[in-house]
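Before any comments, here is the structure.
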Amino acid sequence: MPVDPAAGVTVLVVDDEPHIGRIIRTRLEQAGFTVHLAEHGAEALSTLESTPAVALVVLDLMLPGMSGTEILRVLRGDTRWRPLPCIVLTAAGQDAQLREVESLGVSEIMTKPFSPRRLLERVRAHTGTTLPEPASTELSSPPVRP
Numbered sequence: 001m002p003v004d005p006a007a008g009v010t011v012l013v014v015d016d017e018p019h020i021g022r023i024i025r026t027r028l029e030q031a032g033f034t035v036h037l038a039e040h041g042a043e044a045l046s047t048l049e050s051t052p053a054v055a056l057v058v059l060d061l062m063l064p065g066m067s068g069t070e071i072l073r074v075l076r077g078d079t080r081w082r083p084l085p086c087i088v089l090t091a092a093g094q095d096a097q098l099r100e101v102e103s104l105g106v107s108e109i110m111t112k113p114f115s116p117r118r119l120l121e122r123v124r125a126h127t128g129t130t131l132p133e134p135a136s137t138e139l140s141s142p143p144v145r146p
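Residues 1 to 146, numbered by full-length UniProt numbering, are exactly what the sequence shown covers, in order.
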């Protein structure tokens, strides 16, 4: 059986709602990712400092203390984390904040509620861990000669 391309790829999930963090963690771990959870900005930045192999951040914008936008400013202002892909999770109706987030260079914005399956697809796309298409099981017939 081939090794899943997500094996060994680390994702940091930053969300202050524990049940959402658990849902995301479960879905990503089932797919083979290593997942670190953080509930606030200081914890997220500490995790990034201590875990240099983080390949992607899933970031809620509405956090206590340091907001997701403030975390993005820190990430984009630090050469170590500037290229780090970030998928932002947000509630609808935050247009001004979304424009600012887009200007900071996020990889993708997903509106809550979101589909865990769709989030997994986007995490795979942004980490280069998409699964190969299954080989065709159809038998091909030889070309017909005139």
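Every residue gets a Cβ at the ideal spot worked out from N, C-alpha and C, and that includes glycine.
Under the three-state DSSP convention, the category residue i falls into
{"i": "residue 88", "result": "strand"}
{"i": "residue 12", "result": "strand"}
{"i": "residue 106", "result": "coil"}
{"i": "residue 130", "result": "coil"}
{"i": "residue 111", "result": "strand"}
{"i": "residue 140", "result": "The predicted position of residue 140 is uncertain, since its pLDDT is 49 and thus under 50; a value taken from the coordinates is nonetheless stated next. Residue 140: coil per DSSP, three-state reduction."}
{"i": "residue 96", "result": "helix"}
{"i": "residue 28", "result": "helix"}
{"i": "residue 65", "result": "coil"}
{"i": "residue 82", "result": "coil"}
{"i": "residue 7", "result": "coil"}
Bounding residues of the beta strand (DSSP E) (the contiguous stretch that carries residue i)
{"i": "residue 36", "result": "34–38"}
{"i": "residue 55", "result": "54–60"}
8 Å contact criterion, which residue i and residue j should meet: CB distance rounded
{"i": "residue 81", "j": "residue 75", "result": "4 Å"}
{"i": "residue 116", "j": "residue 22", "result": "Actually they do not touch by this definition, with Cβ atoms about 11 Å apart."}
{"i": "residue 31", "j": "residue 6", "result": "5 Å"}
{"i": "residue 35", "j": "residue 13", "result": "6 Å"}
{"i": "residue 126", "j": "residue 107", "result": "5 Å"}
Limits of the alpha helix (DSSP H) - the one that residue i falls within
{"i": "residue 117", "result": "116–127"}
{"i": "residue 42", "result": "41–50"}
{"i": "residue 73", "result": "68–76"}
CB contact flag (residue i, residue j, <9 Å)
{"i": "residue 123", "j": "residue 71", "result": "no"}
{"i": "residue 41", "j": "residue 63", "result": "yes"}
{"i": "residue 101", "j": "residue 130", "result": "no"}
{"i": "residue 95", "j": "residue 60", "result": "no"}
{"i": "residue 98", "j": "residue 110", "result": "no"}
{"i": "residue 44", "j": "residue 10", "result": "no"}
{"i": "residue 24", "j": "residue 112", "result": "no"}
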